[in-house]
Every structure is written in structure tokens, then in C-alpha cells.
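Residue numbers in the sequence shown follow full-length UniProt numbering, run continuously in steps of one, and reach 439 at the last position.
Even glycine gets a Cβ: it sits at the ideal position worked out from N, Cα and C.
Bear in mind the structure is a predicted one, so any value in this text is a computation, not a measurement.
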Amino acid sequence: LKNLFFKLESSRDDYRMKVELQEKEILELQSKLDSLQQTAGEARLLKDEVDILRETADKVEKYEGTIQSYQKKLEELGDLKRECKVLETKNLSLLEQNVELEKELKKSATWKTQVEVYKKQIAELHSKYNEETKRADKCEFDYKKASEQLKAVKREKESLISERDLLRETNEELRCCQLQQRNVETTPVGQLPENIISVAELTQKVLLLEHENKKLRLNQRTSEDEKLSVVQSLLDDAKQQINQLRLENRQANQRIMELDGEVKDLQERDQESSSSLKVKIKDLENKLQQEKEQKAAELEERDMALAEKKQIITLMQETISQKEQEVQESEDKHKKYIEKARNVIKSMDPKQVSPVDINILRNQLLDRQKMLSDLEKEYEKSKTLKEMEEKLISTAFYNLGQTRQKELVDQRLLNLSQSQSFLARQRQPTSRRTQLNSK
């Protein structure tokens, strides 16, 4: 019995020692579990931060593209404003000339009595002079037409050369993008080992993500170059329309000159049929007044449209400034998140990585691949929406240019439709000749 009792006590002591050892192992395992849970939580936080960084990077790229397009459009609007100022100065000079000519007309009214005496003697010379002036005007018109055609051909040549250079650059960029895509497609996706993932592999994955981000930026730049070529073609069409309107303006000038000649003939025949001529002159004056009123109403409407478009431009400038601020803030956040991710990757040791961490990292990589595919789809959708927005902006800009061109043409027609200024021009040489004869 003593031996049995001694054996039982010894076995009891052994079991106590084993229980203590097992309790110590359980405590160590619990501490390891706590540390692993903490690392898993940190990994989840890093995953969320990486997703946020991707979203911010996509937004940054979109805002950069929109800012560049808005800056180009603002430069084009500045050029148009300069042209408008130049045309306004020209209009002021023409108005001053009209005022001077009207003053000369008032002065020439005193010499009408002497002009009527010498009309019979000067009739033949005046008719010859009119024929020669018509020929000279025709020659000047043909010369101006030929010179403008040459200028238009030169401009078209320069635009074609610039388009050719742009197409070459875009072709080279597209080739580079295709080569990069092929290199990316040929490289196989590295599978994770079953037990351990090193920190070097994680850094390689981060570098691959940065490379894909650069590739998406290159694709976006090529699409912007194509859109610039479309806008340039629209500008060429606008130039062609300007040339057509100039030709129509010249034809209208010729018609006005012919009408002024008819008015002169009617004034010469005033002695035979004064009553009928007065009626016709009144009809012509009424028609001119009606046309002036119509054109004044059209000018007011177009001024209203221009004011509305200026308000739209100011709103767009404000939105551009807000988006620039947002882009700067997102860039700062993006840099901070990248620095945090790099510091976390450097702080992680490959010795402390357990199979549980490996499984977590595998799941994270799968989630990231899914997120990349989703982001690519969202990028394509945003690209289509961006193209639609740019098309709408280009059409609005084209319509604004057309309205501005029509306004300028109408202003020129209004300045040329004043019959008094033309008559003053025609009466200047006759008055000088009468003065010489009187002397």
C-alpha cells in the first residue's frame, strides 16, 4: 500500500507539472492569437486605405483632364475677346468716318445751285467716271477675292500640317501604349505560395499597381489628343463659314454700290419725273428704316445671348477653381496614404508571418484584383461620360462662334446700308471739280 500510495503521489506530481506546462502553452497561444487578430485588423485597415487611395487617384486623373480642357477653352475665349476688341475699334473708326462724311454733305448743300448749272456740261464726264470707277471696283474686288483665297489655302495648308504632326504624335503614343499592354499581358500573375508570402512580393504588387495607374493615364491622354483634333476640325469649319460670310458681304457691297448708282441716275432724271422719283426714294428710305429696326432687334437678342453665355463661362471658371482645390487636397491625401502603406510594409517581418496571415493576404489580393476590374469598368463609364460632356461643350462653343460671326456681319451691313455715307463718297470728287471750274 505504501508503494502504491507513493506511486500515486508521484503520478499526481507529474500530472500537476504537465497541467502547469499546458496552462503556460495555452497562455502563450492566447497571446499569439491576440497579436494575430491585431495584425488582421491592421491589414483590413490597410485594405480600406488602399481602396480609398485608388478612388482618389481615379478622381485626380479625371479632374486633371477636365482642368486641361477648361484651360484650353479659356485660352480660346481670350483670343475671341481680343478679336472682338479689335473689331470694336474698327467699328468706332468707321463711325467717325461716317460723321465726317455727313458733315461734308451738309457743307456741300450750299454748292447745289452751282452744281445744277454745271450738270449739263459734266454729265458726259460723270458717266465716264462712273464706268471707270465700276471697273476699278470690280478689279479691286477680284484682287481681294484672289488674295483671300490664297490666304485661306495657306491657312488650310498650315492646319493640315499641324494635324499631320498631331496624328504622328498620337500614333507613336498609341504604339507605346500597345507595347506596354502586350508586356503586361504576357507577364503571368504570380501565385502565392502555400505557407509564406514575403514582403518583397508585396512591394512588387504595389509597383505593379503604380504601373497600371500610369498606363491608364497614358490612355486618357491619347483620348484627349483625339478630342483636340475634333475641336480643331470644328474650328476649320468655322473658318470656312467666315470666308463664305465675307464673300456674301462683298456681294452685298457690290449690290449696295449698284443701288447707289441707280439712285444717282434717278437724281439726274429728277427734272423730268420728280414726283415719281420722290415716291421711290421714300419707299427706299422706308425699307432701309425697316431693315435697320429688324437688325437692331436681332442685335439686342444676340447681346442677351452673349450675356447669358458670359455668365455660364464665369460659373465654369468658379467650378474649375473649386476642382483645382479638390485635386490638390486629394493629391496630398494620396501621398500621405502611400507613405503610410510603405511604412507598414517595411515594419512587417517575414519571420512573424503565420499561415493565418497568409490566408488573409491571399484573400486581400483576390479582393484587390476584383476591385481593379471594377475600377476599370467604372473608368470606361466615366470616359464615355467625359466624351459626351466635351462634345456638348464643343457644340456650345461652336454655336457661340457662329452667333458672334453673324453679329459682326450684321454690324458691317448696318454700317454699309447707310446711303448718306456712300453718296458723300461719290459727291466728293464732283464738288472738287466744280470748285476748280468756278475758279
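Pull up the distance between the alpha-carbon of L94 and that of N171, whole angstroms please.
Roughly 50 angstroms separates the two Cα atoms.
If you draw a straight line from the alpha carbon of K47 to that of L8, how long is it in whole angstroms?
Going from the Cα of K47 to the Cα of L8 covers about 57 angstroms.
Could you check the C-alpha separation between K128 and E76 for me, to the nearest Å?
Roughly 50 angstroms between the two C-alpha positions.
Thinking N91 and Q411 are a contact (beta carbons under 8 angstroms), I'd like their distance in whole angstroms, please.
Going by Cβ atoms, the distance from N91 to Q411 rounds to 6 angstroms, so yes, they are a contact pair.
Of the residues E318, E116, E300, D374, which one's Cα is nearest the Cα of K406?
Per the Cα distances, E300.
Pull up the distance between the alpha-carbon of E156 and that of A146, whole angstroms please.
Each residue's Cα considered, the two are about 15 angstroms apart.
List the whole-angstrom C-beta distance separating residue 441 from E390, where the pair is believed to meet the contact cut-off of C-beta under 8 angstroms.
Within the shown structure, residues of the chain are numbered from 1 to 439, placing residue 441 beyond reach of any answer.
Could you tell me if the beta carbon of Q402 falls within a distance shorter than 7 angstroms of some heavy atom in the ligand GDP?
In the structure on display, the ligand GDP does not appear, and there are no ligands present to speak of.
Given a cut-off of 8 angstroms, decide if M257 and D165 are closer than it, judged by their beta-carbon atoms.
No, they are not a contact pair.
Taking the alpha-carbon positions, what's the L179 to R168 distance?
About 17 angstroms.
Give the straight-line distance between the Cα atoms of R12 and L29, rounded to the nearest whole angstrom.
Approximately 25 angstroms between the Cα atoms of the pair.
Write down the C-beta distance between Q254 and F141 rounded to the nearest angstrom, noting that I regard them as a contact closer than 8 angstroms.
Indeed they touch by this definition, with Cβ atoms about 7 angstroms apart.
Is K73 closer than 8 angstroms to I393 when the C-beta atoms are compared?
Closer than 8 angstroms, so yes.
Buried or exposed: where does residue 443 fall if 16 or more other Cβ atoms within 10 Å of its Cβ makes it buried?
For residue 443 there is no data in the structure shown, the boundaries of the chain being 1 and 439.
So, using beta-carbon positions, are L408 and L87 closer together than 8 angstroms?
Closer than 8 angstroms, so yes.
CB-CB under 6 angstroms to E293, same chain, minus the five flanking residues each way: which ones, in chain order?
Same-chain partners within the cutoff: there are none.
Expressed to the nearest angstrom, what Euclidean distance is found between the alpha-carbon atoms of T89 and I67?
Answer to the nearest angstrom: the Cα atoms are 33 angstroms apart.
Would you report the Cα separation of E132 and Q149, rounded to the nearest angstrom?
Approximately 26 angstroms between the Cα atoms of the pair.
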